[in-house]
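Visitor: Provided herewith is a single structure, encoded as structure tokens, for subsequent inquiry.
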Amino acid sequence: MSMDFNLYVNDIVRQAREEMEQAGYEQLKTPEEVEDALARKGTTLVMINSVCGCAGGVARPAATHAIHYDKRPDHLVTVFAGQDREATAKARSYFTDYPPSSPSFALLKDGKICKMVERHEIEGHDPMSVVNKLQQYFDEYCEEI
Numbered sequence: 062m063s064m065d066f067n068l069y070v071n072d073i074v075r076q077a078r079e080e081m082e083q084a085g086y087e088q089l090k091t092p093e094e095v096e097d098a099l100a101r102k103g104t105t106l107v108m109i110n111s112v113c114g115c116a117g118g119v120a121r122p123a124a125t126h127a128i129h130y131d132k133r134p135d136h137l138v139t140v141f142a143g144q145d146r147e148a149t150a151k152a153r154s155y156f157t158d159y160p161p162s163s164p165s166f167a168l169l170k171d172g173k174i175c176k177m178v179e180r181h182e183i184e185g186h187d188p189m190s191v192v193n194k195l196q197q198y199f200d201e202y203c204e205e206i
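Following this note's numbering, the numbering of the sequence shown begins with 62 at its first residue and continues without gaps.
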């Protein structure tokens, strides 16, 4: 029995996208969508999604649970590294002083980077430690809802 690798990867990508959309994150697939989203006033959490194990096992669950908090970003968006390359590159252009990293999170306020949770702070950690880090940043930069 042979399995078409592209079908397998496409299924994983579809599930990963749906997981973030169901959590309330807006998918940004083009550079123009990224520009429009990051031009909004207020705080924006950008989740750089990927198909790696630490994205599925740590980052996506953390993204889902971190937003159930008294303070949270005004906007939740996601770009998919390795899938929507131009959108991801455009998002990363806002993350000055941080190397490309996926999965990762960036918290921006009025289009300016405030804090970043990089892959090395996700990989090998449990989802709750990432949730706690994100919520610490929400306390610092976000308003109560």
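Note that CB positions come from ideal geometry on N, CA and C, so glycine has one too.
Note that the structure is predicted; figures quoted are calculated from it, not measured.
Am I right that threonine 91 and alanine 148 are in contact with their C-beta atoms under 8 Å? What's the rounded C-beta distance?
Guide: Taking the first residue of the sequence shown as 1, we reach residue 91 at position 30. Taking the first residue of the sequence shown as 1, we reach residue 148 at position 87. In this structure threonine 91 touches alanine 148 by the C-beta definition: roughly 5 Å separates them, less than 8 Å.
Visitor: Which ranges does the beta strand (DSSP E) cover as unbroken runs of at least 3 residues, wholly within the segment 123–149, from first to last along the chain?
Guide: 136–141
Visitor: Give a yes or no on whether the C-beta atoms belonging to alanine 116 and phenylalanine 199 are separated by under 9 Å.
Guide: Within the sequence shown, residue 116 is the residue found at index 55, counting from 1. Within the sequence shown, residue 199 is the residue found at index 138, counting from 1. Result no, Cβ atoms of alanine 116 and phenylalanine 199 do not sit closer than 9 Å.
Visitor: Where are the beta strand (DSSP E) runs, 3 residues long or more, that stay fully inside the segment 146–179, in chain order?
Guide: 165–170, 173–178
Visitor: Per DSSP, isoleucine 73 is paired with what?
Guide: The residue given as residue 73 occupies position 12 in the sequence shown. None; isoleucine 73 has no bridge partner.
Visitor: Specify, as a first and last residue, the run of the alpha helix (DSSP H) that valine 191 falls within.
Guide: Taking the first residue of the sequence shown as position 1, residue 191 is located at position 130. Unbroken alpha helix (DSSP H) run through valine 191: 188–202.
Visitor: What are the start and end residues of the beta strand (DSSP E) that includes leucine 89?
Guide: Looking up residue 89 in the sequence shown gives position 28. That residue, leucine 89, is in no beta strand (DSSP E); it is neither H nor E in DSSP.
Visitor: Looking at the structure shown, is glutamate 96 part of a helix, part of a strand, or coil, going by DSSP?
Guide: Taking the sequence shown and counting its residues from 1, one reaches residue 96 at position 35. Reduced to three states, the DSSP call for glutamate 96 is helix.
Visitor: Going by the beta-carbon positions, is the gap between alanine 77 and valine 112 smaller than 9 Å?
Guide: Within the sequence shown, numbered from 1, the residue matching residue 77 stands at position 16. Within the sequence shown, numbered from 1, the residue matching residue 112 stands at position 51. Cβ distance < 9 Å, so alanine 77 and valine 112 count as in contact.
Visitor: Considering just the uninterrupted stretch of the beta strand (DSSP E) at isoleucine 109, what are its terminal residues?
Guide: Translated into the one-based positions of the sequence shown, residue 109 becomes position 48. Counting along the chain, the beta strand (DSSP E) containing isoleucine 109 begins and ends at 104–110.
Visitor: Considering Cα atoms alone, identify which of His186, Pro160, Pro188, Asp135 is closest to leucine 99.
Guide: Numbered from its first residue, the sequence shown carries residue 99 at position 38. Looking at the Cα atoms, Asp135 is the closest of the given residues.
Visitor: When the Cα atoms are used, what is the spatial distance from arginine 231 to threonine 105?
Guide: Within the shown structure, residues of the chain are numbered from 62 to 206, placing residue 231 beyond reach of any answer.
Visitor: May I ask you to report which of helix, strand or coil DSSP gives glutamate 184?
Guide: Residue numbering aside, residue 184 sits at position 123 when the sequence shown is read from its first letter. Of the three classes helix, strand and coil, the one that applies to glutamate 184 here is coil, per DSSP.
Visitor: Would you report the Cα separation of alanine 152 and proline 188, rounded to the nearest angstrom?
Guide: Along the sequence shown, one-based indexing puts residue 152 at 91. Along the sequence shown, one-based indexing puts residue 188 at 127. When rounded, the distance between both Cα atoms is 23 Å.
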